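In the working numbering, the protein residues as written are 84 to 225. Beta carbons are placed, not taken as given, at the ideal position from N, Cα and C, and that holds for glycine. Source: prediction; values computed, not measured. Below is one structure, written out as structure tokens, with a few remarks after it.
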């Protein structure tokens with residue numbers, strides 16, 4: 084019988100559950116962690132913004148960073164989760180995929196999904212359930 088993978092994620096953790104059918108009890112296969120999600124924003128920045136001179140006058144100004152470091156780290160983590168799922172799909176580890184993620188992280192996951200993975204997604208839930216018990220997570224799917 085084809086396996087179902089359930090990914091429950093936010094910017095800090097991704098839990099991968101597996102079951103034969105939604106009525107059966109899943110097992111937790113893997114937990115992926117993003118340690119950068121727990122760091123302070125100043126620790127995520129590589130250095131202070133650069134400084135420049137105003138061409139007309141004596142003033143100086145700072146160059147600002149265009150990319151929010153937290154958003155960048157979350158995006159990188161979403162990419163690593165999708166990479167893991169792609170590898171598993173190529174190994175035929177699952178046939179159907181359920182995604183449960185906080186709204187902002189679900190958007191990042193969608194952005195990185197390949198067409199093959201998108202075709203496997205049978206249900207999406209935009210809620211942050213990553214810290215819930217497996218039984219409570221499954222109640223949202225049934």
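| request: Could you say which of 110, 206 and 186 lies nearest to residue 98 if we only look at CA atoms? | output: Comparing Cα positions, the closest option is 110.
| Nearest to residue 188 by alpha carbon, out of 113, 210 and 100? | Of the candidates 113, 210 and 100, the one whose C-alpha sits nearest the C-alpha of residue 188 is 210.
| query | Any idea what DSSP makes of residue 204, helix, strand or coil? | reply | Three-state DSSP puts residue 204 in a strand.
| task | Output the boundary residues of the beta strand (DSSP E) element that contains residue 101. | result | First-last of the beta strand (DSSP E) with residue 101: 96–102.
| message | Excluding the 5 residues flanking residue 106 on each side, which residues of the same chain have their C-beta closer than 8 Å to its C-beta? | response | Result list for residue 106: 225, in chain order.
| So who's on the other strand from residue 168, going by DSSP bridges? | Residue 168 has no beta-bridge partner at all, per DSSP.
| message | For a test of the three-state rule: what should DSSP assign to residue 219, helix, strand or coil? | response | Three-state DSSP puts residue 219 in a helix.
| request: Determine the extent of the alpha helix (DSSP H) in which residue 192 is found, giving its start and end residues. | output: Taken as a continuous stretch (DSSP letters only), the alpha helix (DSSP H) holding residue 192 covers 186–195.
| message | Taking the straight line between their C-alpha atoms, what separation do you get for residue 212 and residue 206? | response | Distance from the CA atom of residue 212 to the CA atom of residue 206, rounded to whole angstroms, is 15 Å.
| query | Which value, in whole angstroms, describes the spacing of the CA atoms of residue 176 and residue 195? | reply | Between the alpha carbons of residue 176 and residue 195 lies a gap of roughly 20 Å.
| query | When DSSP labels each residue in this structure, what does residue 92 get in the three-state scheme? | reply | Judged by DSSP in its simplified three-state form, residue 92 adopts strand.
| query | By how many angstroms is the C-alpha of residue 103 removed from the C-alpha of residue 193? | reply | About 24 Å.
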